[in-house]
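My numbering applies: residue 1189 is where the first sequence begins, and numbers increase by one.
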Amino acid sequence: MWFRRDLRLRDNPALLAAAGQGGFGDGPSAVVPLFVIDPALWKPSGEVRRAYLAASLAALGSRIGGDGLLLRRGDPLEQVVAVARAAKADVVYVAADFGPYGRARDDLVDSALAEHGIRLERVGSPYAVAPGRVRNGSNEPYKVYSPFFRAWREHGWRAPAPSPRSVRWEYPLTSHDIPTSAVPDGTELPTAGEEAAMRRWRKFQDSLDDYAEARDRPDLDGTSQLSHALKWGEVHPRTLLADLDPERHEVYAKELAWREFYADVLFHRPETAREYLRAEYARMRYVAPAEDFDAWRSGRTGFPFVDAGMRQLRAEGWVHNRVRMVVASFLVKDLHVEWQHGARHFMQWLRDGDLASNQHGWQWVAGCGTDAAPYFRVFNPMTQGLKFDPSGDYVRRYVPELRHLDGKAAHSPWEFLDGYTHGYPERIVDHAEERVEALARLAELKA
DNA sequence: TTTTGAGTTGTTCGA
DNA sequence: GTCGAACAACTCAAA
C-alpha cells in the first residue's frame, strides 16, 4: 500500500484492497505500508506543509503500530519499485491521483513496475466523485460550478468503507528518516492525524446547523477546520458527506463540492495550474511584483482586513476563506499583480495548500477562472471588513498596532487622530482609484 | 439548431 | 441609515 495523500486507515478502499478485506480483494494479504518522501514535492511544499506532513506521517505510523510506516526518501520511480521487489509484491495499491504531477508520476511508476511483473492498482481517490466522472448532457466537463454541483449530487458516491481488521504489516526494507521539518517560529499547527480530524469533525457537527450563517465570519470559529485533513486524506470527504443531513447541511456539502469541482477543472485542464483558464487574460496589463507586493506579503498594506489575513497566513498557515478572497482581490485588482504570484505565496505558507483549490480559487477571484459573475466585482477591503468582522476582533487579533482602537474603528485607523500612533502603516494605494484602474484594464482587454 | 434562463461570495449611488 | 437599481456582455447548460 503506497500512501500518498490518504494518510488514514478508516474508509480507505485502497488499503482494504491491499489487505484483501471488505470485499475489495481476494483474501488476506500481508501489506507493506509505504510512504515515499519525493523531493520534487517535498522541497516546494513550504516549511509549514512539510512540518504538518511530518506530523501526519508520525500519526499514521502510530495508528499502524509496531514499526509504523515504511518511509523511503527519493524518486518514487526508484523507491516504489525497490520496495515492491524486495517485498516480492504482486500488486502496489494506491488511491488514484488526479493532479498534473501525480498522474504523470503514476504512469511512470506503473510502467516501471510492469517491467517486473508487478501491477499498480488504483482504488478510489481523494474525492467523493473522481475527477472526470461528472459530465454534462454533451458528455463534456462542466465549466460552471452550479450545474456541476447539481450533476455531482445526482451522480452520488459510495458509502464509507469499513475499517480494516488487523492487518499483517511487512517491512522488506528499512525506513529512512524524515527530513528535518521544523515549524517556523511562532507558527501554530493543529494536531495531525485521522483521530484528531475525526475529533474535530464530531465537535464541528454540533455547529453544522449554524454553518450557513457563521461560515463567512473570520472572527468566529464557524468553519470545520478540516481543509488540511482533507488535503492529506486524514479524512475522506465521503466520510463527512455520510454524516450530513442532505437538506439542512447543503451549504457544507457545497463547499466539499467546490473542492471536487476545482479538481475536475484541473484534471481536464492541467496546464491551468500555471496558465490562465481564460487565455485572453494573459494579455492584460499587469504590474511586476515589487515593493507593494512585499507589503502585501508581510501584511503592511495599510488596509486592516487585508493585513490581518496576510499575517494570519504567516501565523497559522491558514486563512479564513472570506479573507483569502479579499486579500487575493487586493493583490490582483488593487495592485494589478498577476494571480500566479499570489497563488505561489499561498502555496508556500498554507498548511492546506491544495493545487487545484488554490490555483482555481485565485483564478476565480482574478476573473480569469470559472467565475461567470460580473466583471465589476471588486472587493472593497474596508466594506468587507466591516461586513464580516463587524466587531473588529479579527483585525485586532492579528494586527497588534491596531489593538488600541475599539470595535469597528480597527477597520479605519485613518479616521482617528491616534490611528497611527502604534506604528501601523498608511495605505499604500487609494482603493477607489485602483478599482477604476482595474476596470479600465479589463475594458482594454474586452476591446 | 435555437432559445432561454442563469451565473457563490460585490459596490456604488441616489432616493 | 436603508434599500433598490445599475453596473455589460457573455458563456454555459439544458430545454
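Glycine residues also receive a C-beta, built at the ideal position from the N, C-alpha and C atoms.
Three-way DSSP call (helix, strand, coil) for residue i in this model
i            : result
residue 1564 : coil
residue 1466 : coil
residue 1552 : helix
residue 1218 : strand
residue 1257 : coil
residue 1281 : strand
residue 1590 : helix
residue 1309 : strand
residue 1356 : strand
residue 1640 : Within the shown structure, residues of the chain are numbered from 1189 to 1635, placing residue 1640 beyond reach of any answer.
residue 1450 : helix
residue 1369 : coil
residue 1602 : helix
residue 1497 : helix
residue 1573 : helix
residue 1413 : coil
residue 1625 : helix
residue 1460 : helix
residue 1581 : helix
residue 1304 : coil
residue 1427 : helix
residue 1507 : coil
residue 1197 : coil
residue 1212 : coil
residue 1386 : helix
residue 1262 : coil
Exposed unless 16 or more other CB atoms sit within 10 angstroms - verdict on residue i
i            : result
residue 1476 : exposed
residue 1427 : buried
residue 1511 : buried
residue 1282 : buried
residue 1324 : exposed
residue 1382 : buried
residue 1286 : buried
residue 1347 : exposed
residue 1602 : exposed
residue 1624 : exposed
residue 1211 : exposed
residue 1531 : buried
residue 1332 : exposed
residue 1564 : exposed
residue 1394 : exposed
residue 1631 : exposed
residue 1460 : buried
Cβ-Cβ separation, residue j to residue i (assumed contact under 8 Å), whole Å
i            : j            : result
residue 1406 : residue 1576 : 6 Å
residue 1633 : residue 1471 : 6 Å
residue 1307 : residue 1279 : 5 Å
residue 1220 : residue 1258 : 6 Å
residue 1554 : residue 1520 : 5 Å
residue 1540 : residue 1416 : 4 Å
residue 1587 : residue 1496 : 5 Å
residue 1349 : residue 1201 : 5 Å
residue 1414 : residue 1385 : 6 Å
residue 1412 : residue 1389 : 7 Å
residue 1484 : residue 1241 : About 27 Å separates the two Cβ atoms, so there is no contact after all.
Cβ neighbours of residue i in the same chain (closer than 7 Å, five flanking residues each side left out)
i            : result
residue 1613 : 1488, 1490
residue 1598 : 1492, 1580, 1583, 1584, 1590
residue 1604 : 1593, 1597
residue 1526 : 1474
Residues near residue i in its chain [Cβ-Cβ closer than 6 Å; skip 5 each side]
i            : result
residue 1611 : 1589
residue 1359 : 1255, 1258
residue 1243 : 1380
residue 1444 : 1425
residue 1251 : 1197
residue 1501 : 1507, 1537
residue 1410 : 1402, 1403
residue 1363 : 1258, 1259
Residue i: CB within 8 Å of a non-hydrogen atom of the ligand NAD
i            : result
residue 1214 : In the structure on display, the ligand NAD does not appear, and there are no ligands present to speak of.
Neighbourhood of residue i by C-beta distance below 8 Å, restricted to the same chain and skipping five residues each side
i            : result
residue 1465 : 1453, 1457, 1548, 1551, 1556, 1557, 1558
residue 1254 : 1357
residue 1592 : 1606, 1609, 1610
residue 1371 : 1235, 1236, 1239, 1377
residue 1301 : 1268, 1269, 1272, 1280, 1307, 1308
residue 1442 : 1337
residue 1622 : 1521, 1522, 1523, 1524
residue 1600 : 1492, 1570, 1607
Beta-bridge partners of residue i, as assigned by DSSP
i            : result
residue 1191 : 1223
residue 1340 : In DSSP, residue 1340 forms no bridge with anything.
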